[in-house]
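Here the structure is laid out as structure tokens; the discussion comes afterwards.
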Amino acid sequence: MSYKRILTVQDISCVGQCSMTVALPVLSACGVETCVLPSAVLSTHTGGFSGCTFRDLSKDFPAIQNHWEREGINFDAVYTGYLGSASQIGMVKEIFQHLLTPGGMTIVDPAMADNGVLYKGFDDVYAQAMKDLCGCADIIIPNITEACMLTGTQFQTSYNEAYIVRLMDKLTDLGPGRIVLTGVSYTPEHTGVLVRNCGEDVYYSHVKLPKNYHGTGDIFASALVGAHMRGISLSDAARIAADFTARCIENTYKDPAHWYGVKFETALPELIRLLQGRT
Ligand code: PXL
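Under my numbering, the residue at position 92 of the sequence shown is numbered 96, and the numbers go up by one with no gaps.
Right, dumping it as structure tokens:
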């Protein structure tokens with residue numbers, strides 16, 4: 005297996021088991037060297053705690069990028085998640101242009117919304133800037149809410165396959181070569197992911213567990229990116245990431261005190277097992 009180096013750009017939510025605090029361990033478990041650029045530091049994530057602190061780190065980006073360029077540091081992939089501000093998104097585009105190895109990959113999880121609404125602190129200007137970033141990416145990993153916001157589509161809680169295919173077509177029109185749409189659920193008992201790879205759609209579904217948690221989108225995206233960086237095809241990486249995420253939820257939902265995230269650490273051995281012998 006070749007050893008790849010990735011840069012992930014997302015926030016540090018100090019408490020909450022999401023974004024950077026899951027991306028770093030999950031990518032490391034996948035055997036990928038993981039460098040980090042924190043977009044912002046928050047005391048907790050914004051979903052369920054009240055009064056969290058927020059420090060945008062955009063001002064540090066140019067100096068960090070310059071230093072890396074002087075050192076000749078570059079990356080096989082840049083993977084972005086929750087970003088600090090609309091103006092920071094422009095800085096991320098600079099990073100895409102200057103810090104990738106030739107043929108390096110850009111992967112954008114437009115982490116900004118769920119259940120039909122934007123996360124606290126984001127607005128239309130941010131959503132428009134994210135749309136622009138998605139247009140520059142090789143792979144995007146939106147959920148259905150984000151896909152609707154990126155494409156100006158009315159969000160629906162119930163839908164059919166034609167609605168989802170139309171959504172995928174509109175996402176394709178934005179420009180990314182490959183799309184992994186998450187949370188695609190055609191029956192109440194199942195949920196899944198739809199992967200569009202070079203015009204071909206592959207759907208993978210599994211049993212829906214009884215609770216939703218913050219951070220599971222980040223866990224899915226990190227495992228997907230880590231598995232794909234090992235050389236596993238995007239659709240197989242999506243299966244592995246979906247099975248891993250389901251296991252994280254399974255290991256958590258019976259503990260009502262653990263409401264703010266999933267106990268992903270307990271499922272890391274399962275992720276490593278799913279990857280074994282694959283590359
Ligand atoms: O998991 C997405 C996420 C990441 N970072 C922060 C968040 C959220 C979701 O609410 O609030 C700070």
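Built from N, CA and C at the ideal position, the CB exists for glycine as well.
Segment contact flag, the segment 155–168 with the segment 103–114, C-beta cutoff 8 Å, min 3 pairs: In the pairwise beta carbon analysis, the segment 155–168 is classified as not touching the segment 103–114: fewer than three pairs are separated by under 8 Å.
Cα-Cα separation between residue 62 and residue 17, rounded to whole angstroms: Here residue 62 corresponds to residue number 58 of the sequence shown, with the count starting at 1. Here residue 17 corresponds to residue number 13 of the sequence shown, with the count starting at 1. Cα-Cα distance, rounded: 16 Å.
Check whether residue 175 and residue 161 have beta carbons under 8 Å apart: If you number the sequence shown from 1, residue 175 lands on position 171. If you number the sequence shown from 1, residue 161 lands on position 157. If you check the CB distance, residue 175 and residue 161 do not come in under 8 Å.
Candidates 147, 208, 180: closest to residue 240 by CA position: Position 236 of the sequence shown holds residue 240. Selected option, being the one with the closest Cα: 208.
Bridge partners - residue 109, DSSP secondary structure assignment: Sequence index remark: in the sequence shown, residue 109 carries index 105 (1-based). Residue pairing by DSSP puts residue 109 in a beta bridge opposite 81.
Distance CB(residue 249)-CB(residue 220) smaller than 8 Å: As a first step, residue 249 must be located in the sequence shown, where it is residue number 245. As a first step, residue 220 must be located in the sequence shown, where it is residue number 216. In this structure, residue 249 lies near residue 220, with their beta-carbon atoms less than 8 Å apart.
Inter-residue Cα distance where the pair is residue 133 and residue 102: Position 129 of the sequence shown, counted from the first residue, corresponds to residue 133. Position 98 of the sequence shown, counted from the first residue, corresponds to residue 102. For residue 133 and residue 102, the distance between alpha carbons rounds to 19 Å.
Chain-order list of residues whose beta-carbon lies under 8 Å from that of residue 236 (same chain, five-residue window excluded): To locate residue 236, count along the sequence shown from 1; it is residue 232. The answer, listed in chain order, is 244, 279, 282, 283.
Rounded straight-line distance, which links the Cα of residue 35 to that of residue 77: The sequence position of residue 77 within the sequence shown is 73, counting from 1. The sequence position of residue 35 within the sequence shown is 31, counting from 1. Computed Cα separation, rounded: 19 Å.
Any 3 or more C-beta pairs closer than 8 Å across the segment 49–58 and the segment 9–27: The segment 49–58 and the segment 9–27 touch, with no fewer than 3 CB-CB distances between them shorter than 8 Å.
The segment 19–29 / the segment 214–232 touching (three or more Cβ pairs under 8 Å): Look at the beta carbons and you see the segment 19–29 touching the segment 214–232: at least three pairs across the two are nearer than 8 Å.
Nearest-angstrom Cβ-Cβ length linking residue 80 and residue 9, presumed shorter than 8 Å: Walking along the sequence shown from the start, residue 80 turns up at place 76. Walking along the sequence shown from the start, residue 9 turns up at place 5. With 8 Å as the limit, residue 80 and residue 9 qualify as a contact, their Cβ atoms being about 5 Å apart.
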